[in-house]
Amino acid sequence: MQFYNTTSREKEDFYPAYPPQVTMYTCGPTVFNLCNLNQCRRFVFADLVKRYLKSKGLQVKHIMNVTDLDDRTIDGSEQAGFGLREFTDRYTEEFHHDLDALHIERADGHPRASEHVEDMVELTRKLVEKGFAYEKFRSVYYDISRFRDYGKLSRVNLSKIQVGKTVDLDDYEKDNPRDFTLLKRSTLSELKRGIFYKTEWGNVRPSWHIECAAMCMRHLGETVDIHTCGTDLIFPHNENLVAIAEADCGHRVVRYWLHNELVTVNDKKMVPGQNNSVTLREVLDRGYSGRVVRFLLLSQHYRKPMNFSYPALDAAGRTLARLDEFIRRLGFAPLGERAAGLDQLIYDVKTQFTQHMDDDLNIPGALAAVFRFIRQANPLITKGSLDQEGRDRVIELLQGFDSVLRVMEFESAELSPDDALLVQKREQARQEKKFDLADEYRDQLRSRRIHIIDTPNGPTWELIK
RNA sequence: GGCGGCAUAGCCAAGUGGCUAAGGCAGCGGUCUGCAAAACCGUUAUCCACCGGUUCGAAUCCGGUUGCCGCCUCCA
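Just so you know, we're using my numbering here: the first sequence kicks off at 17 and counts up by one.
Spelled out as structure tokens, the structure:
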């Protein structure tokens, strides 16, 4: 199994430091508004990595933080007229709803920044003691000139970057404009609202970078197998995490950095709060299922940007419908003698799926194998070339794929006795060529959200959603 | 300005040296069908942004050009 490690910019064989345990950290949301699809892709990607590792028999300990203490949550809560905690509680809850909608497994922990401030202060203290950080006007900054490997993750060339491109340096009193903030002196407004923590340097609050570093090491220790995040956060956020963590431990902390590409709209990055930002909630409100959104976000390779549009989402829905239909047909497959080639087909698709997934989670390749299988297996259903065991094996096969993908639906299409009787009566009427009566029954079934589909082997049905 | 990435059919998208360039959507043709709806099967790139080079052989390696995207230290 190989992953593309951002540190080396190459695919590398993956071995956990302490098998069969795998530790994994994912940058979570800043809970000041609803998640947009760019963030959702980050979470779906992490979920995919975790599920695939688990399917390999590894035990994954996964931590995803919740950033509830930063400029945006502070500003957002003030503008909304709520206390910080009350405000972030609300969006944390919304975040959990979104995870559920996308069938994302909960992490083993979703630590909140506000509940780990002691860890952050302690970490800062250690960095100051070791000479990696300095206090200036009651804020504490990281001195990047002290960290020899600074830039090794993002490969920035410090002498050539344009300082101040995205930050107003007037707000800081750093020795070097390239240094970054660890603890920031609380503003007057923050002090009034009680948003400050007493330290030897004064009343401060932590920065985003030290929050992630502290929570990551607090929950996973000094060696973390996998850290997943979006490419937009490589610099400075992830670079700074490396600088903090390695300065503290004196050795490499994150072994494999996995970064997913962004979701764009009209080929421009989706930015929260801007008009091109599409939240998951608004997509769901339009009537799309979280399952379809998950499939769309999953269906392209994670290292390629994905341009979101509703037509693209519709197309993903139709693709998924083909998969759904195959499973539905399987449930109604007339049993007969098993076709000779079935075992080979199953073996082939399994092998191909695994090969593609092992190759840096090549989902498009893996899905192509699944759809090739479906095309080859469909005629077997039509011809009645499956026996009970063969059918069970196909369902088991799909369930195996779905333990990783989590986009299929296997719910049984059992009808209530009343509905089954209606189906039977309609078929009886059809046999007797009483088509008006048959259509009447069909309409009755439809009003009970049952859609009849006739086949040469008799009527089948699906539940209308 | 620096660093990184991308360019494959109408659309989306795999493929990084060698059989006839995966797969999905849309389209077209067919099968099935009382009707309807659906489904299933088949089919759709002599060619992989452009120019040059390496090689027996390149979408795939190298150089250059063009276009687009991301990041540049508290914006996710």
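Backbone N, C-alpha and C fix where the C-beta goes; we use that ideal spot for every residue, glycine too.
request  = Confirm, please, whether the CB-CB distance from S170 to E255 is below 8 Å.
outcome  = In the first sequence, residue 255 corresponds to position 239, counting from 1. In the first sequence, residue 170 corresponds to position 154, counting from 1. Against a cut-off of 8 Å, the Cβ pair of S170 and E255 comes out as a contact.
ask   = P395 lies in the alpha helix (DSSP H); which residues open and close that run?
value = The sequence position of residue 395 within the first sequence is 379, counting from 1. Element bounds for P395: 379-398.
ask   = Considering S155, what are the terminal residues of the alpha helix (DSSP H) in which it resides?
value = To locate residue 155, count along the first sequence from 1; it is residue 139. Element bounds for S155: not the alpha helix (DSSP H) but the beta strand (DSSP E), 155-158.
inquiry  = I need the boundaries of the alpha helix (DSSP H) containing C56, first residue and last residue.
reply    = Translated into the one-based positions of the first sequence, residue 56 becomes position 40. DSSP places C56 in the uninterrupted alpha helix (DSSP H) bounded by 53-71.
task = Taking only the alpha-carbon atoms, compute the straight-line gap between E425 and H243 and give it to the nearest angstrom.
result = The count along the first sequence starts at 1 and reaches residue 425 at position 409. The count along the first sequence starts at 1 and reaches residue 243 at position 227. The alpha-carbon atoms of E425 and H243 are separated by roughly 30 Å.
ask   = For Y363, which option in N378, R388, A436, D375 has the closest C-alpha, if you only look at C-alpha atoms?
value = Position 347 of the first sequence, counted from the first residue, corresponds to residue 363. Residue nearest to Y363 within the set N378, R388, A436, D375 is R388 (criterion: CA-CA distance).
task = Look at the Cβ atom of D324, then the Cβ atom of V281, and state whether they are nearer than 8 Å.
result = Counted from its first residue, the first sequence places residue 324 at position 308. Counted from its first residue, the first sequence places residue 281 at position 265. The sequence shown places Phe at residue 324, not Asp. Here F324 is near V281, since their CB atoms are less than 8 Å apart.
inquiry  = Suppose contacts are defined by Cβ-Cβ distances below 8 Å. Is I533 in contact with E206 by that definition?
reply    = Limits of the chain in this structure are 17 at one end and 481 at the other, which puts residue 533 out of reach.
task = Determine the direct distance from the alpha carbon of C228 to that of C56, and round the result to whole angstroms.
result = Here residue 56 refers to the residue found at position 40 when the first sequence is read from its first residue. Here residue 228 refers to the residue found at position 212 when the first sequence is read from its first residue. Approximately 19 Å, taken between the alpha carbons.
query = Just how far apart, CA to CA, sit Q75 and P36?
reply = For the purposes of this step, residue 75 is taken as the residue at position 59 of the first sequence. For the purposes of this step, residue 36 is taken as the residue at position 20 of the first sequence. Q75 and P36 have their alpha carbons spaced roughly 6 Å apart.
key: Counted within 10 angstroms of its Cβ, other Cβ atoms place A349 as buried (16 or more) or exposed   = On the first sequence, position 333 is the one that residue 349 refers to. Of the other Cβ atoms in all chains shown, 16 or more fall within 10 Å of the Cβ of A349; this residue is therefore buried.
ask   = Can you name, in chain order, every residue of its own chain whose Cβ lies under 6 Å from the Cβ of Y20, other than the five neighbours on each side?
value = Position 4 of the first sequence, counted from the first residue, corresponds to residue 20. Within the same chain, Y20 has close Cβ partners K27, D376.
ask   = Expressed to the nearest angstrom, what Euclidean distance is found between the alpha-carbon atoms of V269 and G400?
value = For this step, residue 269 is matched to residue 253 along the first sequence. For this step, residue 400 is matched to residue 384 along the first sequence. Using only the alpha carbons, I get a separation of about 56 Å.
query = Should P380 be labelled buried (16 or more other beta-carbon atoms within 10 Å of its own) or exposed?
reply = Start at 1 with the first residue of the first sequence, and residue 380 comes out as number 364. Exposed.
key: Alpha-carbon spacing of L296 relative to N192, whole angstroms   = Counting from 1 along the first sequence, the entry for residue 296 is found at position 280. Counting from 1 along the first sequence, the entry for residue 192 is found at position 176. It is roughly 40 Å from the alpha-carbon of L296 to the alpha-carbon of N192.
key: Whole-angstrom distance between L115 and Q122, CA atom to CA atom   = The residue given as residue 122 occupies position 106 in the first sequence. The residue given as residue 115 occupies position 99 in the first sequence. Here residue 122 is Arg; the residue named in the question, Gln, does not match the sequence. C-alpha separation (whole angstroms): 8 Å.
N- and C-terminal bounds of the alpha helix (DSSP H) containing Q371 = As a working mapping, residue 371 is identified with position 355 in the first sequence. Taken as a continuous stretch (DSSP letters only), the alpha helix (DSSP H) holding Q371 covers 358-374.
key: Backbone CA spacing between T22 and T197 [nearest angstrom]   = Stepping through the first sequence from its first residue, residue 22 is reached at position 6. Stepping through the first sequence from its first residue, residue 197 is reached at position 181. A straight line joining the alpha-carbon of T22 with that of T197 spans about 24 Å.
request  = Could you tell me which of G474, V144, V133 sits nearest to K214, measuring between CA atoms?
outcome  = Here residue 214 corresponds to residue number 198 of the first sequence, with the count starting at 1. Of the listed residues, the one whose Cα sits closest to K214 is V133.
ask   = At a cut of 8 Å, does the region 148-165 reach the region 101-111 through at least three beta carbon pairs?
value = Because the criterion of three Cβ pairs below 8 Å is not met, the region 148-165 and the region 101-111 do not touch.
request  = State buried or exposed for S419, treating a residue as buried only when at least 16 other CB atoms are found within 10 Å of its CB.
outcome  = The sequence position of residue 419 within the first sequence is 403, counting from 1. Residue burial annotation: S419 is exposed, with fewer than 16 other C-beta atoms found within 10 angstroms of its C-beta.
query = If Y294 sits next to L53, beta carbons under 8 Å apart, how far is it from one beta carbon to the other, in whole angstroms?
reply = Walking along the first sequence from the start, residue 294 turns up at place 278. Walking along the first sequence from the start, residue 53 turns up at place 37. The sequence given here places Val at residue 294; Tyr does not occur at that position. Yes, V294 and L53 are in contact; Cβ-Cβ is about 5 Å, under 8 Å.
query = In terms of DSSP beta bridges, what is E121 paired with?
reply = Counted from its first residue, the first sequence places residue 121 at position 105. Its beta-bridge partners do not exist; DSSP assigns none.
request  = Go through its chain and collect everything with a Cβ distance to Q392's Cβ below 6 Å, but skip five positions before and after it.
outcome  = Taking the first residue of the first sequence as 1, we reach residue 392 at position 376. Closer than 6 Å at Cβ, skipping near neighbours: L361.
query = How many whole angstroms separate the CB atoms of L236 and I79, which I take to be in contact at a CB cut-off of 8 Å?
reply = By 1-based counting over the first sequence, the position of residue 236 is 220. By 1-based counting over the first sequence, the position of residue 79 is 63. Cβ atoms of L236 and I79 come within 8 Å of each other, at about 6 Å.
Exposure of Y304, with buried meaning 16 or more beta-carbon neighbours within 10 Å = Locating residue 304 in the first sequence gives position 288, counting from the first residue. Residue environment analysis places Y304 among the buried positions, since at least 16 neighbouring C-beta atoms fall within 10 angstroms of its C-beta.
ask   = What did DSSP end up calling C232 once you bin it into helix, strand or coil?
value = Counted from its first residue, the first sequence places residue 232 at position 216. It is helical.
ask   = Assuming R407 and L346 make a contact with CB atoms under 8 Å, what is their CB distance in whole Å?
value = Taking the first residue of the first sequence as 1, we reach residue 407 at position 391. Taking the first residue of the first sequence as 1, we reach residue 346 at position 330. Taking a contact as a CB-CB distance under 8 Å, the pair R407 and L346 counts as one, their CB atoms being some 6 Å apart.
task = Take the Cβ of P433 as the centre, count every other Cβ of all protein chains shown within 10 Å, and call the residue buried at 16 or more, exposed below.
result = By one-based count along the first sequence, residue 433 stands at place 417. So P433 ends up on the exposed side.
task = Could you tell me the distance, in whole angstroms, from the CA atom of F30 to the CA atom of P475?
result = To locate residue 30, count along the first sequence from 1; it is residue 14. To locate residue 475, count along the first sequence from 1; it is residue 459. Linking F30 to P475 through their CA atoms gives a straight-line distance of about 50 Å.
Best match in Q444, I226, G167 for proximity to A454 [C-alpha to C-alpha] = Here residue 454 is taken as the residue at index 438 of the first sequence, counted from 1. Restricting attention to Q444, I226, G167, the CA atom closest to the CA of A454 is found in Q444.
query = What is the residue span of the beta strand (DSSP E) that I242 lies within?
reply = Here the question's residue 242 lines up with position 226 in the first sequence. Where I242 is concerned, the enclosing beta strand (DSSP E) stretches over 240-246.
query = Can the beta-carbon of H372 be found closer than 8 Å to that of A356?
reply = Against the first sequence, residue 372 aligns to sequence position 356. Against the first sequence, residue 356 aligns to sequence position 340. With contacts defined as CB atoms closer than 8 Å, H372 and A356 fail to qualify as a contacting pair.
ask   = Beta-carbon separation of V82 and T108 under 8 Å?
value = In the first sequence, residue 82 corresponds to position 66, counting from 1. In the first sequence, residue 108 corresponds to position 92, counting from 1. Closer than 8 Å, so yes.
task = Spatial neighbours of D446 within its chain, please: CB distance less than 6 Å, with the 5 preceding and 5 following residues excluded, ordered by chain position.
result = Position 430 of the first sequence, counting from 1, holds the residue named residue 446. The sequence shown places Arg at residue 446, not Asp. These residues qualify, in order along the chain: A454.
query = Which term fits Q316, buried or exposed, when burial requires 16 or more other beta carbons within 10 angstroms of its beta carbon?
reply = Counting from 1 along the first sequence, the entry for residue 316 is found at position 300. With 16 or more other CB atoms across the displayed protein chains lying within 10 angstroms of its CB, Q316 is buried.
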